[in-house]
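**Student:** Let me give you the structure first, and then I'll get to my questions.
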Amino acid sequence: MNNLSFPAGRALDFIALGRACVDLNANEIHRPMEDTVTFTKYVGGSPANIAIGMARLGMCTGFVGRVSDDQMGRFIVRYFERNGIDTSGMITDRPGSVTGLAFTEIKSKDDCSILMYRDHAADLNLEPRDVEESYIANAKALLISGTALAKSPSREAVFVALQYARKHGTVVLFDLDYRPYTWASSEETAVYYNLAAAQCDVIIGTREEFDQMESFERHTVKDDGYTAGKWFDHHARIVVIKHGKDGSFAFTKEGERIEGTTFPANVVKTFGAGDSYAAGFIHGLIQGWDIARSMEYGAAGASIVISNHSCSDAMPTLAQVEDYIALCRSGRFVSQS
Ligand SMILES: Nc1ncnc2c1ncn2[C@@H]1O[C@H](COP(=O)(O)OP(=O)(O)OP(=O)(O)O)[C@@H](O)[C@H]1O
Ligand SMILES: O=C(O)C[C@@H](O)[C@H](O)C(=O)CO
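To convert, note that position 291 of the sequence shown is 555 in the working numbering; the numbers rise steadily by one, no gaps.
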């Protein structure tokens, strides 16, 4: 049991709102982008990855977002459909916009980076009128992602979705998902992140992302307890602060501090950890599991995804997560490092 109350009798368990894009992950790993010539194409974009993760875990999942009116946009929608994601909340953007591309460079397991091509990205053209009140009202949970706040009209669309969710008791989760290249300034980011976070029931981010949100504060000691505590005067009931391979901490409105476990991994690349963690964690919360067990599923899912080449395609099923936890607990996990 956790401290959230998800409404019963809703058609969808979960909706993600924001960008659905394309990842082009380097095939020739352990070398710089300059020397990489072939890539594998996957669906990408943090909220899209989380939606795919939730669908793989058996959650009835929908997506709200705009995709480009071209082969890339259709690739995304078809992949969602094949994964059982409801695409009735997705809109094909007017001609002229494109799908955001993330070229990933995998130099080593500790040195990965992403080169983004996001000029005229269709996802940021999401408009307030694209968000249907009845769609949000028919889901148990809504995930918003920080990048969707970076520009108008997508920014306003997020606030409209937040308003509908609060009105109908849909639990709102905020994945901070801070991608600096999308934002005009640090102050702009901090202001809109804070405005959105005040409307959310669960806030999930890395320590660095929370630092970004607090960048205009004079308070100099930025510890996790201080950061989480601020949000419990608003709507938040759970705040999760992630620390990469050092794990994560969850704080609750009731004053608990829960340390998340981590699992070993044969790391291929580090990105995708946060998205698979979010899927496993949110799935657990919706199932009514306690926070520690939900964090455990998130962490195991993260280890599975970082041990694979893709983010979206590698999202595990429930059976895969459970087998992985059992393998690690049995002491039979074989580290290749
Ligand atoms: N090297 C690792 N080994 C094992 N587990 C890891 C590793 N890196 C991350 N994780 C797991 O994934 C969770 C989330 O990771 P992290 O804090 O890096 O999120 P993130 O920065 O949002 O990820 P991303 O790189 O996808 O943006 C961690 O709490 C941990 O459980
Ligand atoms: O979020 C993005 O736009 C890129 C992702 O799809 C990428 O795979 C990643 O960074 C996952 O966290």
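The beta carbon of each residue, even a glycine, is placed where N, CA and C say it ideally should be.
Among Arg342, Asp333, Phe474, Cys285, whose alpha-carbon lies nearest the alpha-carbon of Gly489?
**Tutor:** Mapped onto the sequence shown, residue 489 falls at position 225. Gly489 has its Cα closest to that of Phe474, out of Arg342, Asp333, Phe474, Cys285.
**Student:** Apart from the five residues just before and just after His432, which ones in its own chain have a Cβ nearer than 6 Å to its Cβ?
**Tutor:** On the sequence shown, position 168 is the one that residue 432 refers to. Here the set comprises Ala401.
**Student:** Compute the Euclidean distance between the alpha carbons of Glu478 and Ala454, then round it to the nearest angstrom.
**Tutor:** Position 214 of the sequence shown holds residue 478. Position 190 of the sequence shown holds residue 454. Roughly 7 Å separates the two Cα atoms.
**Student:** Is the beta carbon of Ile355 less than 7 Å from the beta carbon of Asp383?
**Tutor:** For the purposes of this step, residue 355 is taken as residue 91 along the sequence shown, with counting starting at 1. For the purposes of this step, residue 383 is taken as residue 119 along the sequence shown, with counting starting at 1. No; because the gap between Cβ atoms is not below 7 Å, this pair is not in contact.
**Student:** Under 7 Å from any heavy atom of ligand 1, by CB: list those residues in chain order, please.
**Tutor:** Thr470, Lys506, His507, Gly508, Lys509, Gly511, Ser512, Gly524, Thr526, Phe527, Pro528, Ala529, Val531, Thr534, Phe535, Gly536, Ala537, Gly538, Asp539, Tyr541, Gly562, Ala563, Ala566, Ser567, Ile570
**Student:** One question on the structure: do Glu560 and Thr526 come within less than 7 Å of each other, judged by their Cβ atoms?
**Tutor:** Position 296 of the sequence shown, counting from 1, holds the residue named residue 560. Position 262 of the sequence shown, counting from 1, holds the residue named residue 526. Against a cut-off of 7 Å, the Cβ pair of Thr526 and Glu560 comes out as no contact.
**Student:** Would Leu379 be called buried (16 or more neighbouring beta carbons within 10 Å of its own) or exposed?
**Tutor:** As a working mapping, residue 379 is identified with position 115 in the sequence shown. Of the residues assessed, Leu379 falls on the exposed side of the cut-off, its CB having fewer than 16 other CB atoms within 10 angstroms.
**Student:** Is Asp287 near ligand 2, judged by its Cβ being under 6 Å from some heavy atom?
**Tutor:** On the sequence shown, position 23 is the one that residue 287 refers to. Yes, the beta carbon of Asp287 sits closer than 6 Å to at least one heavy atom of ligand 2.
**Student:** Can you have a look at Arg501 and say buried or exposed, based on whether 16 or more other CB atoms are within 10 angstroms of its CB?
**Tutor:** As a working mapping, residue 501 is identified with position 237 in the sequence shown. Buried: at least 16 other Cβ atoms inside 10 Å.
**Student:** In three-state DSSP terms, what is Pro359?
**Tutor:** For the purposes of this step, residue 359 is taken as residue 95 along the sequence shown, with counting starting at 1. Looking at Pro359 - three-state DSSP - the assignment turns out to be strand.
**Student:** For Arg593 and Ser398, what's the separation of their Cα atoms in angstroms?
**Tutor:** On the sequence shown, residue 593 is found 329 positions in, with the first residue counted as 1. On the sequence shown, residue 398 is found 134 positions in, with the first residue counted as 1. The straight-line gap from Cα to Cα measures roughly 44 Å.
**Student:** Can you tell me which of Ala412, Glu518, Ser450, Ser576 puts its alpha carbon nearest to the alpha carbon of Ile316?
**Tutor:** As a first step, residue 316 must be located in the sequence shown, where it is residue number 52. Of the candidates Ala412, Glu518, Ser450, Ser576, the one whose C-alpha sits nearest the C-alpha of Ile316 is Ser576.
**Student:** In the DSSP output, which residue or residues are listed as bridge partners for Lys305?
**Tutor:** Translated into positions along the sequence shown, residue 305 becomes position 41. Partner(s): Leu288.
**Student:** Rounding to the nearest angstrom, what Cα-Cα distance links Leu549 and Gly565 in this structure?
**Tutor:** As a position in the sequence shown, residue 549 is number 285, starting the count at 1. As a position in the sequence shown, residue 565 is number 301, starting the count at 1. Looking at the backbone, the Cα of Leu549 and that of Gly565 are separated by about 15 Å.
**Student:** Give me the DSSP bridge partner(s) of Phe545.
**Tutor:** Locating residue 545 in the sequence shown gives position 281, where the first residue counts as 1. According to DSSP, which records beta bridges pairwise, Phe545 is partnered with nothing at all.
**Student:** At 3 residues or longer, what runs of the beta strand (DSSP E) sit wholly inside the segment 484 to 563?
**Tutor:** 502 to 506, 512 to 516, 521 to 524
**Student:** Leu390 to Phe597, Cα distance in whole Å?
**Tutor:** Working through the sequence shown from its first residue, we reach residue 390 at position 126. Working through the sequence shown from its first residue, we reach residue 597 at position 333. So the two alpha carbons sit approximately 44 Å from each other.
**Student:** Just reading off the beta strand (DSSP E) that Thr470 is part of, what are its end residues?
**Tutor:** If you number the sequence shown from 1, residue 470 lands on position 206. Residues 466 to 470.
**Student:** Straight-line CA distance for Pro580 to Val569?
**Tutor:** Within the sequence shown, the letter at position 316 stands for residue 580. Within the sequence shown, the letter at position 305 stands for residue 569. Their backbone Cα atoms lie some 8 Å apart in a straight line.
**Student:** Check this for me: beta carbons of Gly329 and Ala366, under 7 Å apart or not?
**Tutor:** As a first step, residue 329 must be located in the sequence shown, where it is residue number 65. As a first step, residue 366 must be located in the sequence shown, where it is residue number 102. Not closer than 7 Å, so no.
**Student:** Start and end of the alpha helix (DSSP H) containing Val598?
**Tutor:** Against the sequence shown, residue 598 aligns to sequence position 334. Unbroken run through Val598: none, as it is neither H nor E.
**Student:** Along the chain, where does the alpha helix (DSSP H) that runs through Ala421 open and close?
**Tutor:** As a working mapping, residue 421 is identified with position 157 in the sequence shown. Here the alpha helix (DSSP H) through Ala421 covers 418 to 432.
**Student:** With distance defined between alpha-carbon atoms, name the residue in His547, Tyr457, Cys464 nearest to Gln476.
**Tutor:** Indexing the sequence shown from 1 puts residue 476 at position 212. It is Tyr457.
**Student:** In this structure, how does DSSP classify Asp277 when only helix, strand and coil are distinguished?
**Tutor:** Taking the sequence shown and counting its residues from 1, one reaches residue 277 at position 13. Reduced to three states, the DSSP call for Asp277 is strand.
**Student:** Which residues in the same chain have their Cβ closer than 7 Å to the Cβ of Arg342, if we skip the five residues on either side of it in sequence?
**Tutor:** By one-based count along the sequence shown, residue 342 stands at place 78. Same-chain partners within the cutoff: there are none.
**Student:** Which residue comes first and which comes last in the alpha helix (DSSP H) that contains Arg346?
**Tutor:** Position 82 of the sequence shown, counted from the start, is the residue given in the question as residue 346. It spans 335 to 346 - the alpha helix (DSSP H) in which Arg346 sits, taken as one unbroken run.
**Student:** For ligand 2, is there any heavy atom lying closer than 6 Å to the beta carbon of Ala366?
**Tutor:** Taking the first residue of the sequence shown as position 1, residue 366 is located at position 102. Yes, Cβ of Ala366 sits closer than 6 Å to a heavy atom of ligand 2.
**Student:** Give the secondary structure of Arg330 by DSSP, where H, G and I count as helix, E and B as strand, and everything else as coil.
**Tutor:** The count along the sequence shown starts at 1 and reaches residue 330 at position 66. Reduced to three states, the DSSP call for Arg330 is strand.
**Student:** Since Leu406 and Ala429 should fall inside the 8 Å C-beta cutoff, what is the C-beta to C-beta distance between them, to a whole number of angstroms?
**Tutor:** Taking the sequence shown and counting its residues from 1, one reaches residue 406 at position 142. Taking the sequence shown and counting its residues from 1, one reaches residue 429 at position 165. Going by Cβ atoms, the distance from Leu406 to Ala429 rounds to 5 Å, so yes, they are a contact pair.
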